[in-house]
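Each remark here refers to the structure printed beneath this line.
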Amino acid sequence: MADTKNILLDKLNGLVARFEEIATLITDPQVIADQKRYVKLTKEYKELSDIMKARNTYVQCLNGIEEAKEILSGNDNELKEMAREEMATCEARIPELEEEIKLLLVPADPEDDKNAIVEIRGGTGGDEAAIFAGDLYRMYVKYCESKGWKVAVSNFNEGAAGGFKEIIFTVTGEKVYGTLKYESGVHRVQRVPATETQGRVHTSAATVAVLPEADEFDVEINEGEIKWDTFRSGGAGGQNVNKVESGVRLRYVWKNPITGTSEEILIECTETRDQPKNKERALTRLRSFIYDKEHQKYIDDIASRRKTMVSTGDRSAKIRTYNYPQGRITDHRINYTVYNLSAFMDGDIQDCIDKLIVAENAERLKESEL
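If you use the working numbering, the sequence shown corresponds to residues 151 to 520, in order.
Shown next, in the form of structure tokens:
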């Protein structure tokens, strides 16, 4: 225990000077003028503030125990009684604080605070896969509503029998990517499809990809090289959407800095009736797409450890199974099984996400050897 305290205190004390340095830097006009640097430093300042708060509480508890020991060696019985209570309180609090501090000291995923772009696509299973993709979209919308997050659809392609062949939407709120990133992968459904006449259970799949939304500072794009087209939006949205050329199509040739190859990126956005807004949202998706590609090595590294980022509709690369006949949900990464499928599909997915976060934190702590 003494070793743990010493190691933690050494690490915490080593961060005090950095915290004070950043506190000075973020008031410097030159730093404020450099927006990219300023944004980065304010983020680091916030993270270190949380660590410093925990450090102060921890030091207070350790000092409280030392002071109580001194009083207990004296003769004042009334003070001794108070000292015993103080000591018991501090000793109970210390293990909790140590766990809290260890997690704070493990470097957080720098993407966690970002908004997210979510792409759901029907995989194997034809019409039923598209219907299931629609069910997953509804599940996430309900979940986001419960968190107070905003959902904005940027593009969709409806399935012939309902649902979506693909749907892409942005989720805005607090720590969105850090929460939804665990949903990336193949989701498999086992049920009797509405289109099935014999009552047989079919297996279908849909893929979910969750990408961090890139900030303007994350990616450099030469906006002069973007080719824009406009078109009339089809589908739902009332008469106005179909009459006005509010849909936008963006083409951009991007050179991959890792491979040196060039590829044309095509993005369509029919989200709103306002063309400038659609342009801005298409640009946001372009930034996020390039950011995701440029950070592929980072994402591959995360994926190899977490086994969550999956890009194909292949049934074998599944992360979760939704079994309707048994009312069962199973998350295969953490052997999590519950029998509340209808509530789960209504957006009650927090318990599963919490368990995934706990499992990941345990892995991160093991890696950091704290």
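Positions of the beta carbon are idealized from the N, C-alpha and C atoms, including for glycine.
CA-to-CA distance, residue j to residue i, given in whole angstroms
{"i": "residue 216", "j": "residue 170", "result": "28 Å"}
{"i": "residue 472", "j": "residue 165", "result": "46 Å"}
{"i": "residue 506", "j": "residue 258", "result": "15 Å"}
{"i": "residue 289", "j": "residue 229", "result": "58 Å"}
{"i": "residue 459", "j": "residue 359", "result": "Because residue 459 sits at a pLDDT of 34, beneath the cut-off of 50, its placement in the model cannot be relied upon, and the point is left open."}
{"i": "residue 254", "j": "residue 312", "result": "45 Å"}
{"i": "residue 274", "j": "residue 398", "result": "30 Å"}
{"i": "residue 463", "j": "residue 267", "result": "A caution first: residue 463 carries a pLDDT of 35, below 50, which makes its placement in the model too unreliable to give a value."}
{"i": "residue 233", "j": "residue 491", "result": "52 Å"}
{"i": "residue 238", "j": "residue 362", "result": "45 Å"}
{"i": "residue 181", "j": "residue 332", "result": "35 Å"}
{"i": "residue 417", "j": "residue 187", "result": "30 Å"}
{"i": "residue 159", "j": "residue 168", "result": "15 Å"}
{"i": "residue 432", "j": "residue 419", "result": "6 Å"}
{"i": "residue 387", "j": "residue 291", "result": "Caution applies to residue 387, whose pLDDT of 46 falls short of 50 and renders its modelled position unreliable; the model cannot decide the point."}
{"i": "residue 510", "j": "residue 309", "result": "35 Å"}
{"i": "residue 241", "j": "residue 195", "result": "30 Å"}
{"i": "residue 227", "j": "residue 200", "result": "38 Å"}
Selected residue, minimal CA-CA separation from residue i, among the options
{"i": "residue 299", "options": "321, 476, 287, 310", "result": "321"}
{"i": "residue 213", "options": "182, 495, 243, 224", "result": "243"}
{"i": "residue 437", "options": "424, 478, 373, 276", "result": "373"}
{"i": "residue 263", "options": "470, 369, 295, 365", "result": "365"}
{"i": "residue 469", "options": "415, 168, 334", "result": "334"}
{"i": "residue 118", "options": "205, 416, 186, 200", "result": "Look at the range of the chain in this structure, 151 to 520, and you will see that residue 118 is not part of it."}
{"i": "residue 496", "options": "444, 410, 295, 396", "result": "295"}
{"i": "residue 270", "options": "306, 246, 236, 292", "result": "306"}
{"i": "residue 325", "options": "413, 248, 231, 260", "result": "260"}
{"i": "residue 504", "options": "199, 429, 484", "result": "484"}
{"i": "residue 409", "options": "382, 395, 443, 424", "result": "443"}
{"i": "residue 315", "options": "516, 342, 281", "result": "281"}
{"i": "residue 513", "options": "477, 252, 284", "result": "252"}
{"i": "residue 287", "options": "211, 328, 317", "result": "317"}
{"i": "residue 558", "options": "347, 342, 293", "result": "Given a span of 151 to 520 for the chain in the structure shown, any question on residue 558 remains unanswerable."}
{"i": "residue 477", "options": "341, 226, 499, 223", "result": "341"}
{"i": "residue 157", "options": "403, 207, 248", "result": "248"}
{"i": "residue 279", "options": "246, 220, 343, 224", "result": "343"}
Pair within 8 Å by beta-carbon distance, residue i and residue j
{"i": "residue 606", "j": "residue 486", "result": "Here the chain comprises residues numbered 151 to 520, so residue 606 is not present and cannot be evaluated."}
{"i": "residue 277", "j": "residue 353", "result": "no"}
{"i": "residue 475", "j": "residue 339", "result": "no"}
{"i": "residue 356", "j": "residue 272", "result": "yes"}
{"i": "residue 369", "j": "residue 440", "result": "yes"}
{"i": "residue 303", "j": "residue 421", "result": "yes"}
{"i": "residue 401", "j": "residue 427", "result": "no"}
{"i": "residue 406", "j": "residue 414", "result": "no"}
{"i": "residue 191", "j": "residue 176", "result": "yes"}
{"i": "residue 107", "j": "residue 396", "result": "Absent from the model: residue 107. The displayed extent of the chain is 151 to 520, so no value can be given."}
{"i": "residue 336", "j": "residue 319", "result": "no"}
{"i": "residue 297", "j": "residue 323", "result": "yes"}
{"i": "residue 256", "j": "residue 515", "result": "yes"}
{"i": "residue 231", "j": "residue 218", "result": "no"}
Beta bridge counterpart(s) of residue i as assigned by DSSP
{"i": "residue 299", "result": "Paired residues: none, contrary to the question."}
{"i": "residue 479", "result": "472, 488"}
{"i": "residue 357", "result": "271, 336"}
{"i": "residue 418", "result": "399"}
{"i": "residue 412", "result": "405"}
{"i": "residue 494", "result": "Per DSSP, none; premise fails for residue 494."}
{"i": "residue 380", "result": "398"}
(request) Entirely within the region 294 to 353 and at least 4 residues each: give me those alpha helix (DSSP H) ranges in chain order. (result) For the region 294 to 353, whole alpha helix (DSSP H) runs of length 4 or above, ordered along the chain, are 326 to 330.
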